[in-house]
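All residue numbers for the sequence shown refer to our numbering, where the first residue is 131 and numbers rise by one. Where a beta carbon is used, it is the ideal one built from N, C-alpha and C, also for glycine. Here is the structure we will look at, set down as structure tokens.
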Amino acid sequence: MMPRTDMEHLPWSIRQELHRVTAMLFEAFAETIKGRLSEQYRTGRIVMLILHSPDDRPDTSQVALGQALRLLAIVNHPKLARRASDWRQVRDRLRRAWEHGEIAHPVRLSVESLERVNGALAEGIPHFVTIATEGIALHAMEGLKLKTPRQLPASERSALGLLHYERWHKRAGDFLLGAAFYRSRCNAAMSALLLHQACEHLYQCILWTLKLHGPRTHALDELRELAEALDTQLVEAWPRDTPFERRTFSCIRRAYVEARYGERYRIGDDELAWAMERITTLHALVARICLEAIDCPPAAQPRREEAGHAV
């Protein structure tokens, strides 16, 4: 199959911006692989570039100012898709274009190999099926087609969703318990780092349970954006109306790098306590949303919620 290629339904300004973004992306990619001799770089190609939506109700006809453009780059070598460092120059170029006003929308870029995408379509993974059937191909190598998606039976989708839920939600609970322990020992930086991990795992829990796929990223703002697009109830877990609320989320977001590698990371006692409260709320909220989505019997729910009550 081939994703749709027509863009006439998009506003003219969006079409022009997509042309600019595509050109920037390919120029930065060419710079990244230039002169490198390994097979994945020497013969590496972006074989397809698809514009898609973050949720199951894609509507690319209206893109609000400031709303992210989501792109999937499909490459011809699995190794080329695995290393985030290979795409840092491309992502930095797109980020600078947004920050400097060259484009009106930030760009969220994900990268997968053709082998992985075709395998996921054959398995019926909802995330990839949605992209292939509802997305818009901005570029495709001549003659390239994707595999026809499999329609995953509801029972199989629920069973897979439950496996992902149990994996991600339990780990999130363990990180929450660890954060509480380090907070009791007055180690705020370590507590914040574990809160980051708990929050990351909870957003991945939503994505993997509902879509059977999540992105390879530790960026909480991007994960929150994706998860909240799937269920707006999640917004209540992290209010962002006041400077304090936004600052606290930023402290947890930055902890993944700064609390691990830096010596100057700081988070106030009030911020740490509030973040602990919000992520504990998120833990319970994610449990409810996921178990309802996969139609898990009530008897299975208390076991999965114990970690949240223990914090």
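Residue ranges of each alpha helix (DSSP H) within the stretch 152-233, 4 or longer: Within the stretch 152-233, the runs of alpha helix (DSSP H) at least 4 residues long that lie entirely inside it are, in chain order, 169-172, 208-212 and 218-229.
Proximity winner among Asp351, Lys300 and Arg280, relative to Trp368 (alpha-carbon distances): Looking at the Cα atoms, Asp351 is the closest of the given residues.
Reference Val151, options Glu232, Val177, Thr347 and Arg354, closest by Cα: Glu232
CA-to-CA distance, Arg315 to Ala227, given in whole angstroms: 44 Å
His139, DSSP secondary structure in three states: Taken through DSSP and simplified to helix, strand or coil, His139 comes out as coil.
Alpha carbon of Tyr171 to alpha carbon of Glu253, nearest angstrom: 28 Å
Rounded C-alpha distance that separates Gly273 from Ser143: If you take the alpha carbons of Gly273 and Ser143, they lie about 29 Å apart.
Coil, strand or helix - Arg134 by DSSP: Three-state DSSP puts Arg134 in a strand.
Cβ-based burial, Glu286 [other Cβ within 10 Å; buried from 16]: If you draw a 10 Å sphere on the C-beta of Glu286, you find fewer than 16 other C-beta atoms in it, and that means exposed.
Three-way DSSP call (helix, strand, coil) for Ile266 in this model: strand
Cα-Cα separation between Arg246 and Pro208, rounded to whole angstroms: 8 Å
Candidates Glu242, Arg280, Ala284 and Leu412, of which the one nearest Gly344 by Cα: Glu242
Cβ-Cβ distance between His182 and Thr260 below 9 Å: yes
Beta-carbon spacing of Leu325, Phe311 below 9 Å: no
Ala309 and His413 closer than 9 Å at C-beta: no
Buried or exposed by the 16-neighbour rule on C-beta atoms within 10 Å, applied to His331: buried
Buried or exposed (CB count within 10 angstroms, at least 16 for buried), Tyr333: Classification of Tyr333: buried, given that the 10 Å Cβ count is 16 or more.
Residue of Leu293, Ser240, Leu179 and Arg213 minimising C-alpha distance to Ile266: Leu179
Where Leu282 falls: helix, strand or coil (DSSP): coil
Identified DSSP bridge partners for Ser243: Val205
Beta-carbon proximity check, Ile382 vs Ala405, cutoff 9 Å: Going by C-beta atoms, Ile382 is nearer than 9 Å to Ala405.
Rounded straight-line distance, which links the Cα of Gln363 to that of Thr411: For Thr411 and Gln363, the gap between their C-alpha atoms comes out near 12 Å.
Between the CA atoms of Ala322 and Ala214 - distance to the nearest angstrom: 24 Å
Proximity below 9 Å, CB of Leu340 to CB of Pro256: yes
Length of the line joining the Cα atoms of Asp186 and Ala349: Unreliable placement is indicated for Asp186, whose pLDDT of 45 sits below 50; the coordinate value is still reported in the next sentence. If you take the alpha carbons of Asp186 and Ala349, they lie about 22 Å apart.
The alpha helix (DSSP H) enclosing Gln334, as first and last residue numbers: Unbroken alpha helix (DSSP H) run through Gln334: Ala318 to Lys341.
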